[in-house]
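J.: Dumping the structure here so I can ask a few things about it.
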Amino acid sequence: MSTAGFPFDHLVVVHYHWRPGGVRRVVELTLPAIAKAAGADLKKISFLHGGEAIERPNLEQITTPLAFIHEPACDYFSHQSETPERLSRKIHEAVAHLMPRGDCTKTLIWFQNPALARNAMLCRELIRFSRHTGAALVLHHHDFWCAGRWSRWNELRECGCPDLASAAEFLFASGTRCVQVGINWQDFETLQRFFAKQAFHLPNPVGRFPQPDKAGHTTIRDWVADQLKSDAPLWLYPTRFLRRKNLLEAILLTRWLNPEAILATTSGQFSRDEACYAREIKQAAAYHGWRVHFGLLDPAEAPRISELLPVAETVVHTSVQEGFGMTFVETAASGTPLIARAIPSVMPDLAAQGFEFPQVYDDILIDQHLFDKTAERRRQTALAESTRLELPEVFRKLFPNRSDEFNGPVSFSRLTRQAQMEVLAHPAEESWSLCKPLNPKLKHFLDNELRATPWPDETVQTPSRFAEQFLQIASAIPSEPVNSSRGAEHAQLALAQLALGPEAVFPIQLER
93 MSTAGFPFDH
103 LVVVHYHWRP
113 GGVRRVVELT
123 LPAIAKAAGA
133 DLKKISFLHG
143 GEAIERPNLE
153 QITTPLAFIH
163 EPACDYFSHQ
173 SETPERLSRK
183 IHEAVAHLMP
193 RGDCTKTLIW
203 FQNPALARNA
213 MLCRELIRFS
223 RHTGAALVLH
233 HHDFWCAGRW
243 SRWNELRECG
253 CPDLASAAEF
263 LFASGTRCVQ
273 VGINWQDFET
283 LQRFFAKQAF
293 HLPNPVGRFP
303 QPDKAGHTTI
313 RDWVADQLKS
323 DAPLWLYPTR
333 FLRRKNLLEA
343 ILLTRWLNPE
353 AILATTSGQF
363 SRDEACYARE
373 IKQAAAYHGW
383 RVHFGLLDPA
393 EAPRISELLP
403 VAETVVHTSV
413 QEGFGMTFVE
423 TAASGTPLIA
433 RAIPSVMPDL
443 AAQGFEFPQV
453 YDDILIDQHL
463 FDKTAERRRQ
473 TALAESTRLE
483 LPEVFRKLFP
493 NRSDEFNGPV
503 SFSRLTRQAQ
513 MEVLAHPAEE
523 SWSLCKPLNP
533 KLKHFLDNEL
543 RATPWPDETV
553 QTPSRFAEQF
563 LQIASAIPSE
573 PVNSSRGAEH
583 AQLALAQLAL
593 GPEAVFPIQL
603 ER
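Here the sequence shown is numbered in our numbering, starting from 93 and rising by one per residue.
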């Protein structure tokens, strides 16, 4: 553990909500270690959040005094019904209550996912507070709006950012004492080009946690069977309804590789802009009788994810985009086999920590006869054009021109969800028979016993190492505000250029 003193006495953790997911998990894993590393220097930890008041990270290990400020106006802008002016005033009052003005130079605001732009007014109010009081900011970037979340652009304008320059200024906190933190090498290297000494690489933590004993496993298996109303094998996807999670691919994998299994998601929750996606999948699952269960861990009495993973037969992870990929490492820690889609931005970081995954694949190839090619071509053309028109003009020029005639096999992930559901509407044995020759890796998974991911011999990013690095980053925060508006604008454009490469654009992320 680092012996360096923590230069702040008040740590404020800010996030839009504490719904189950990656950000909440990162905070649950790391904040106890940060509090322990900071020691007596840290007098108080506060939380500012939207979402539901009862949803909070599990932080039982922390002895530092905790304070929670719940303000619904801090949740996603798409969840709000009040005017931007009234929302901004409510956020302003919550920030003032949490951190009374005065000398706040020893206050550190740890802001989760600001540049995802889910609520630019929250960004603006925190930046104004920092500029006026000297409070410092760690901008922890798990994702970016300009990396495929194109519908955020309209929200940014509604929140008072009329152009890309003003958006970048608020999302990257120009004019404050701040640092930019990327969780993977690709993001870090992009940020470092434009923020130099203000940019840091801080990969998410991984760790092995005590597993339930045999009796505990039996209890949890019995609970799962009661929830599923079945003793069928459990195939688990740790996710809620998010388009980028590519959930229909997980359903297809399960139907092909173990038709007797039930695929369960850990959460059945979704945000408003994912509502159509969630509704259509639920309706299709009910209509076709797919063996799925949404929201296994939603009941209040549910076990923790770390207790559930070891009793699953297999974990699947089919996301097309991730910042880090916590499911990869948490499944490895559980000893449960993982079948996962290789994610280009994630795999190098995991390989650097020594992880080698026995069951990863690049794509699932689909025979063209399993979906309506003419209708899909029409859908994709219309979707690309409507998305292009939504983008700022400078981004429109970067949008790829794809012309797929579907004359051969096509990746499942490159289909709209309508075409994906057309594939799934076929009997599993029929679609697998047509696609088996196209997917030798999947055939290998089917023909051989699935293996758990070996835990690396090398030192991995444990929560305590994360905490040491966090303290080092906090100590490197500038003592005076830095005007980084030009760097912020260029970083935003560079991130968009990566996200608009032909291989980075997926129809399911463009749909509503």
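Beta carbons are placed, not taken as given, at the ideal position from N, Cα and C, and that holds for glycine.
1) Expressed to the nearest angstrom, what Euclidean distance is found between the alpha-carbon atoms of Q460 and R604?
2) Under 7 Å between the Cβ atoms of I201 and A227?
3) Do C270 and L208 count as a contact pair if the criterion is CB distance below 7 Å?
4) Output needed for E352: all residues of its chain with C-beta closer than 7 Å, excluding positions within five of it in sequence on either side, in chain order.
5) Using a Cβ distance threshold of 8 Å, determine whether the stretch 447–457 contacts the stretch 532–550, with at least three qualifying pairs required.
6) Straight-line CA distance for D151 to L457?
7) Check whether the Cβ atoms of E120 and P99 lie closer than 7 Å to each other.
8) Find the nearest neighbour of N338 within the set T508, Q564, R347, judged by alpha-carbon distance.
9) By Cβ distance below 6 Å, which residues in the same chain neighbour K198 in space, the five residues on each side in sequence not counted?
10) Using a Cβ-Cβ cutoff of less than 8 Å, which residues in the same chain neighbour M93 once the five nearest sequence positions on both sides are dropped?
11) Could you check which residue in A260, L389, A212, C251 has the C-alpha nearest to that of W315?
12) Identify every residue that forms a DSSP beta bridge with K85.
13) Using the Cβ count rule (16 or more neighbours within 10 Å means buried), how would you classify D235?
14) Indicate the three-state DSSP secondary structure (helix, strand or coil) for T156 in the structure shown.
15) CB-CB under 6 Å to L158, same chain, minus the five flanking residues each way: which ones, in chain order?
16) Is it right to say N499 is buried, meaning 16 or more other beta carbons lie within 10 angstroms of its own, or is it exposed?
17) Among Q510, R469, Q278, P391, which one has its Cα closest to the Cα of R335?
18) For the candidate residues A520, D133, W110, E147, whose alpha-carbon lies nearest to that of L563?
19) For V104, which residues from the same chain have a beta carbon less than 6 Å from its beta carbon, with the 5 sequence-adjacent residues on both sides left out?
20) Quick one: using the 10 Å Cβ neighbour count with 16 as the cut-off for buried, is G194 buried or exposed?
21) Please state whether DSSP places F280 in a helix, a strand or coil.
22) Locate the beta strand (DSSP E) running through I431, then write down its first and last residues.
23) My output table needs one value for F504: the three-state DSSP class, helix, strand or coil.
24) Assess contact between the stretch 209–218 and the stretch 167–182, defined as three or more Cβ pairs (one per stretch) separated by less than 8 Å. Is contact present?
25) In terms of residue numbering, what span does the beta strand (DSSP E) encompassing T406 cover?
26) Hey, E147 and S180 are a contact pair by Cβ (cut 8 Å); roughly how many whole angstroms apart?
27) Go ahead and label P330 buried or exposed: buried means 16 or more other beta carbons lie within 10 angstroms of its beta carbon, across all protein chains shown.
28) Is the distance from the Cβ of R433 to the Cβ of T410 below 7 Å?
29) Using the Cα positions of F537 and M191, report the straight-line distance between them to the nearest angstrom.
30) Going by the beta-carbon positions, is the gap between A520 and R347 smaller than 7 Å?
31) For L231, count neighbouring Cβ atoms within 10 angstroms of its own Cβ and tell me buried if that reaches 16, exposed if not.
32) Could you tell me which of A259, P206, A260 sits nearest to V273, measuring between CA atoms?
33) Nearest to T358 by CA position, among L516, A367, K321, A404, is which residue?
34) What number of angstroms, rounded off, separates the C-alpha of L483 from the C-alpha of G113?
35) What's the call for D279, buried or exposed, on a 16-neighbour Cβ count within 10 Å?
36) Would you kindly check if the distance between the Cβ of P176 and the Cβ of Q153 is under 7 Å?
T.: Answer, in terms of the structure:
1) 24 Å
2) yes
3) no
4) A324, P325
5) yes
6) Per the sequence shown, the amino acid found at residue 151 is Leu instead of Asp. Distance between the alpha carbons of L151 and L457: 43 Å.
7) no
8) T508
9) F100, D101
10) Its pLDDT being 40, under 50, M93 is placed unreliably by the model, and the measurement read from it follows with that caveat. K128, A129, S556, A559, E560, listed in sequence order.
11) L389
12) The structure shown does not extend to residue 85, since the chain is modelled only from 93 to 604, so the question has no answer here.
13) buried
14) coil
15) I137
16) exposed
17) Q510
18) D133
19) S138, I201
20) exposed
21) helix
22) 430–433
23) helix
24) yes
25) 406–409
26) Not confirmed; about 23 Å, so no contact.
27) buried
28) yes
29) 54 Å
30) yes
31) buried
32) P206
33) A404
34) 28 Å
35) buried
36) no
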